[in-house]
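Mapping the sequence shown onto this note's numbering, position 243 (from 1) lands on 268, and the numbers just tick up by one.
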Amino acid sequence: MNSNIEWIKDLNCLTDIHVHLDGSLSYETVKYLARLQKIDIESDGELKDILSVAPDCRNLNEYLQKFEFPLKLLQTREAIRYAVCELIREQERQGIIYSEIRFAPQLHTHKGLTQKEVVESACMGVDDSRKYWKTYSDHNLILCCMRGDDNEALNYETVNIARKYVGKGNGTVVALDLAGAEGLYPTDMFSGIFREAYLSGIPFTIHAGEAAGVESMKCALDLGARRIGHGIRAVESDDMTDYLVKNNICLELCPTSNLNTRIYQRIEDYPVTELIEKGVKVTVNTDNMTVSDTNEANEIALITDTFNLGKRSVRQLIMNSVETSFTDESIKNRLRAMVEMNFAQVTGIRG
Ligand SMILES: [Zn+2]
Numbered sequence: 026m027n028s029n030i031e032w033i034k035d036l037n038c039l040t041d042i043h044v045h046l047d048g049s050l051s052y053e054t055v056k057y058l059a060r061l062q063k064i065d066i067e068s069d070g071e072l073k074d075i076l077s078v079a080p081d082c083r084n085l086n087e088y089l090q091k092f093e094f095p096l097k098l099l100q101t102r103e104a105i106r107y108a109v110c111e112l113i114r115e116q117e118r119q120g121i122i123y124s125e126i127r128f129a130p131q132l133h134t135h136k137g138l139t140q141k142e143v144v145e146s147a148c149m150g151v152d153d154s155r156k157y158w159k160t161y162s163d164h165n166l167i168l169c170c171m172r173g174d175d176n177e178a179l180n181y182e183t184v185n186i187a188r189k190y191v192g193k194g195n196g197t198v199v200a201l202d203l204a205g206a207e208g209l210y211p212t213d214m215f216s217g218i219f220r221e222a223y224l225s226g227i228p229f230t231i232h233a234g235e236a237a238g239v240e241s242m243k244c245a246l247d248l249g250a251r252r253i254g255h256g257i258r259a260v261e262s263d264d265m266t267d268y269l270v271k272n273n274i275c276l277e278l279c280p281t282s283n284l285n286t287r288i289y290q291r292i293e294d295y296p297v298t299e300l301i302e303k304g305v306k307v308t309v310n311t312d313n314m315t316v317s318d319t320n321e322a323n324e325i326a327l328i329t330d331t332f333n334l335g336k337r338s339v340r341q342l343i344m345n346s347v348e349t350s351f352t353d354e355s356i357k358n359r360l361r362a363m364v365e366m367n368f369a370q371v372t373g374i375r376g
């Protein structure tokens, strides 16, 4: 295998548009937040057991258990603000100049915060992180509604908060999402919530085509999703891939995460090249850097190494992210220019 990791790590124009806050806290952040809350952690080895999936992880439900501890730490304004700032700082360190960090406000209210306070704290974290940004960087937030059968009112509250932020010109909260156990709670259970989001003009992506198949994606697209989280199983239906191409819908692929949850047993089975050959726009993302013990450069190298993709394909993956991002058109133009320039500097490839 001819590893591309070195030159990909040199890029200063990476993007990550599918990354969860709670699944991506660095060990340093977790240790700091645990200390504040007087929780003892013995060693990094213990942390790894708590935060990252074991190689024998069997499915999405087991994977989701890895969020329990980080969520326990993220129940105060200070912790949320700090964690968001530190995640963006780490992304900048890794050459990520554009990200959309997602979290579910309703999961951070166990110690009395309101969803509104949770979102305010996260926005403050983005503001705090600006001192680490490159001049052309941009980082935004996506608010997740959660799959479940007893939280409808909480999901509506999340939509209401998004309505107050999205499109108000400050950019920080840019969209909604639906996350959680897709296999247990089908997408059509959440039609009312996303119909309301659609009518309010709030853009959204939905996790679909991961634990469940094409039907779940079809439902998400009928509701008006602009992107699909994962969506890798689109490859199972020509009608679906045709629809994605015709409507310029981009998939937020997260390769290692899909291996962890056993949607595919081996990376060689991951159908990314089939999707690209059919003309579907895809992006490559981390999903959960800490749970999956990965980062953006690793994810791109994994795909390019396995499927022998060239440097121009890598640039296309990054450009797809910029194109489909929920940020303003003027920022997209700036990001496109930076990707062109930095990519040429690192690889010598132009145009
Ligand atoms: Zn996800």
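By construction, the Cβ of each residue, glycine as well, lies at the ideal position given by its N, Cα and C atoms.
query: Between the CA atoms of ARG258 and VAL316 - distance to the nearest angstrom; result: 22 Å
query: Minimum C-alpha distance to GLY150 - residue among LEU46, MET265, ASP318, ASP202; result: LEU46
query: The region 163-172 contacting the region 122-135, beta-carbon criterion three pairs below 8 Å; result: yes
query: Rounded distance between the beta-carbons of LEU98 and GLY55, thought under 8 Å; result: Correcting the residue identity first, residue 55 is Val in this sequence and not Gly. With 8 Å as the limit, VAL55 and LEU98 qualify as a contact, their Cβ atoms being about 7 Å apart.
query: Segments assigned alpha helix (DSSP H), at least 4 residues, entirely inside the region 111-154; result: 140-154
query: For CYS148 and GLN116, the rounded distance between their alpha carbons; result: 16 Å
query: Outcome for THR160 when other beta-carbon atoms lying within 10 angstroms are tallied against a minimum of 16; result: exposed
query: Assigned secondary structure, VAL191 (DSSP; H/G/I helix, E/B strand, else coil); result: coil
query: Endpoints, beta strand (DSSP E) assigned at CYS170; result: 163-171
query: Ligand 1 heavy atom lying under 8 Å from the CB of SER282; result: yes
query: Given SER49 as reference, the closest of GLY70, ASN345, VAL78 once Cα atoms are compared; result: VAL78
query: Any non-hydrogen atom of ligand 1 closer than 8 Å to ASP353 Cβ; result: no
query: 6 Å Cβ shell around ALA326 - same chain, five flanking residues per side excluded; result: ASN29, ILE30, ILE33
query: Assigned exposure category for PRO95 - 16 Cβ within 10 Å defines buried; result: buried
query: Unbroken beta strand (DSSP E) run spanning THR230, endpoints; result: 230-233
query: Strand pairing of ARG220, partner residues [DSSP]; result: In DSSP, ARG220 forms no bridge with anything.
query: Option nearest ASP263 by Cα separation, candidates ILE328, GLU321, GLU240, GLU142; result: GLU240
query: Buried versus exposed, by CB contacts within 10 Å (16 or more), LEU360; result: buried
query: ASP174 - partner residues in DSSP beta bridges; result: In DSSP, ASP174 forms no bridge with anything.
query: Simplified DSSP assignment, three categories, for GLY70; result: helix
query: From THR183, THR139, ASP202, ALA206, residue whose alpha carbon lies closest to that of ARG172; result: ALA206
query: Supposed close pair SER146, ILE113 - CB separation, criterion 8 Å; result: Contact doesn't hold; Cβ gap of about 14 Å is too wide.
query: Per DSSP, the bridge partner or partners of GLU277; result: GLY254, THR308
query: Bridge partner(s) assigned by DSSP for THR40; result: TYR123
query: Member of PHE368, LEU248, ILE374 whose CA lies at the smallest distance from the CA of ASP35; result: PHE368
query: C-alpha gap between ASN345 and VAL198, whole angstroms; result: 20 Å
query: Integer Cβ distance of LEU278 from VAL297, believed to fall under 8 Å; result: 6 Å
query: Residue environment, GLN140, which counts as buried when at least 16 other CB atoms sit within 10 Å; result: buried
query: The alpha helix (DSSP H) enclosing ALA237, as first and last residue numbers; result: It is not in any alpha helix (DSSP H) - ALA237 carries neither H nor E in the DSSP assignment.
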